[in-house]
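In the UniProt record's numbering, the protein residues as written are 1 to 297.
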């Protein structure tokens, strides 16, 4: 059995599911999701509580219960060197792997059965070998309706529809998130638009954001611009994500939600521009977060 701890918002949960799905497939075993952390509402300073978000997809998932979790309370690995040295002796023994860092660790995918994964796993390298299965798993449960369906038709009708996503919310209101993630800045978006125009010509920008009013006041481009307001988002922003996947090209911030919006579009000719510096602290190695075919700016 592979158990994956879910934490963070939708984008993070998608990465966590994806590595668990890959490892369970490789080992021919069950995957179960641990919702304990998401369900815990104990007071925490400067913390944004999240809900289980993967129910927007037509997934057939099982959840870990107390009996499943009990064997994993004894042994934890948190350093890559230990993983290499200890794996051969752990066959069949339940153990926990805590993500050692933000870049890809091939050793994780060499683990044996009966493992609990605790991390963010933000790289497609953790599931690249079952890419098609992940795309199938992340099919939206509900089709777009009403105004969202009308917006979808508008996006599809544009040859150069560009999804430009702006993440603000806790990145600017939470001191903890601001210090760790940071807001990507207006200069990045202008440079990204200029670069994309140089490659494909005039654009139609569809701006998706958790703060559309701020975007309307601060983002000024010399191209047709449609601000996709919260009216289109859906309760869990599921309509937003679905609409984003319909665009032709992407300019994303340091957001896993936006990352998946771009990745779920399987068009090999899409252009995706992402920030070179994913976290505010430049020394953190985030090389593997951005796929090799995307442009780091």
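Even for Gly, the Cβ is constructed at its ideal location relative to N, Cα and C.
Backbone secondary structure at residue 163 - three-state DSSP: strand
Proximal residues to residue 202 (C-beta, below 7 Å), its chain only, five neighbours per side dropped: 160 and 223
Three CB pairs or more closer than 8 Å across the segment 234-252 and the segment 191-211: yes
Extent of the continuous alpha helix (DSSP H) to which residue 133 belongs: 131-137
Start-to-end residues for the beta strand (DSSP E) that takes in residue 155: Unbroken run through residue 155 is the alpha helix (DSSP H), 146-156; no beta strand (DSSP E).
Residue 251 in three-state terms, based on DSSP: strand
Burial state of residue 42 (16 or more Cβ within 10 Å): exposed
Element boundaries [beta strand (DSSP E), containing residue 220]: Element bounds for residue 220: n/a, residue is neither H nor E.
Range covered by the beta strand (DSSP E) that runs through residue 32: 31-34
Close Cβ partners of residue 104 (< 6 Å) along its chain, the five nearest in sequence each way excluded: 123, 125 and 288
Residues that residue 95 bridges to, as DSSP identifies them: 115
Own chain, CB closer than 6 Å to residue 238, minus 5 neighbours either side, in chain order: 56
Cβ shell of residue 258 (< 6 Å), same chain only, five flanking positions each side left out: 165 and 252
Helix, strand or coil at residue 26 [DSSP, three-state]: helix
Whole-angstrom distance between residue 260 and residue 271, CA atom to CA atom: 14 Å
Inter-residue CB distance, residue 58 and residue 135 (contact presumed, cutoff 8 Å): With 8 Å as the limit, residue 58 and residue 135 do not qualify as a contact, their Cβ atoms being about 12 Å apart.
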